[in-house]
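Asker: Residue numbers (the numbering used here): 5 to 70.
1) What residues in its chain sit with their C-beta under 8 angstroms from that of residue 25, if we drop five residues either side in the sequence?
2) Under a three-way DSSP split, which group does residue 9 fall into?
3) In the structure shown, what three-state DSSP assignment does residue 31 receive?
4) I want to see whether chain D comes within less than 9 angstroms of residue 23, judged by CB atoms only; does it?
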């Protein structure tokens, strides 16, 4: 099965103006900041979950008998 060739307009790289590049950089910076914040929150959740898990494992289990 042969692949159809795309028209030249679709295959040629689009030239960006300086403003478009600046906007793209700004959007990328915002996205990166958002990802950093998400990573920070997830790391805190994971570390607190590990602390709780360690505390639960360290507590002696009661057997119900005296």
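C-beta: ideal position from N, C-alpha, C; glycine also.
Answerer: The short version:
1) Position 21 of the chain shown, counted from the first residue, corresponds to residue 25. Closer than 8 angstroms at the Cβ level, and outside the excluded window around residue 25, lies no residue.
2) Counted from its first residue, the chain shown places residue 9 at position 5. Here DSSP, grouped into helix, strand and coil, assigns residue 9 to coil.
3) On the chain shown, residue 31 is found 27 positions in, with the first residue counted as 1. Residue 31 sits in a helix when the DSSP states are folded into three classes.
4) The displayed structure is made up of one protein chain only, and chain D is not part of it.
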